[in-house]
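Structure first, commentary second.
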Amino acid sequence: MQLTARESAAVFKALADPTRRQILEDLRDGELTAGDIAGRFPISPPSVSRHLGVLRAAGLVEERREANRIYYHLVTERLALCVGGFLSAVCPEQIVLRRRRQEGS
Numbered sequence: 007m008q009l010t011a012r013e014s015a016a017v018f019k020a021l022a023d024p025t026r027r028q029i030l031e032d033l034r035d036g037e038l039t040a041g042d043i044a045g046r047f048p049i050s051p052p053s054v055s056r057h058l059g060v061l062r063a064a065g066l067v068e069e070r071r072e073a074n075r076i077y078y079h080l081v082t083e084r085l086a087l088c089v090g091g092f093l094s095a096v097c098p099e100q101i102v103l104r105r106r107r108q109e110g111s
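As structure tokens, then:
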């Protein structure tokens with residue numbers, strides 16, 4: 007599955023902010039509640055909520071509701087598709103590695 011140009015733009019916009027990148031790193035080991043995430047930053051909970059909204063709109067995180075809590079987790083395949091596709095297209099090393107994989111198949 008390849009992302010559209012609009013979907014890729016949303017992912018890169020989401021990755022442009024250091025707070026959102028940190029949220030993604032924090033979620034790499036598993037899901038966290040919105041409160042857990044907010045407690046890790048020196049910014050207001052509404053600001054963290056806006057960051058989570060950008061990540062959700064880009065398809066990089068998904069939420070799960072349980073009672074009155076919202077849990078967030080990574081959508082790693084979307085990030086991998088977008089960033090990997092971009093690197094493959096512009097990074098010579100990635101192009102060489104892709105060709106080697108294709109030749110080995």
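For what it's worth, my numbering labels the leading residue of the sequence shown as 7, then goes sequentially.
Here a beta-carbon is modelled for each residue, glycine too, at the ideal position from N, C-alpha and C.
{"Query": "Are the beta-carbon atoms of ARG84 and TYR77 separated by less than 7 Å?", "Result": "no"}
{"Query": "Would you kindly report the start and end of the unbroken alpha helix (DSSP H) that includes ILE49?", "Result": "That residue, ILE49, is in no alpha helix (DSSP H); it is neither H nor E in DSSP."}
{"Query": "Near LEU61, what residues of its chain come up, given a Cβ to Cβ distance below 6 Å and the 5 sequence neighbours on each side ignored?", "Result": "ALA20, ARG26 and VAL67"}
{"Query": "For GLU68, which beta-bridge partners are listed by DSSP?", "Result": "HIS79"}
{"Query": "Which residue marks the beginning of the alpha helix (DSSP H) containing LEU30, and which one marks its end?", "Result": "24-32"}
{"Query": "Can you give the beta carbon distance from GLY91 to LEU30, rounded, assuming they're within the 8 Å contact cut?", "Result": "Actually they do not touch by this definition, with Cβ atoms about 18 Å apart."}
{"Query": "Out of ALA73, ALA63, GLN28 and LEU80, state which residue places its alpha-carbon closest to the alpha-carbon of ARG12.", "Result": "ALA63"}
{"Query": "Under 7 Å between the Cβ atoms of LEU87 and LEU33?", "Result": "no"}
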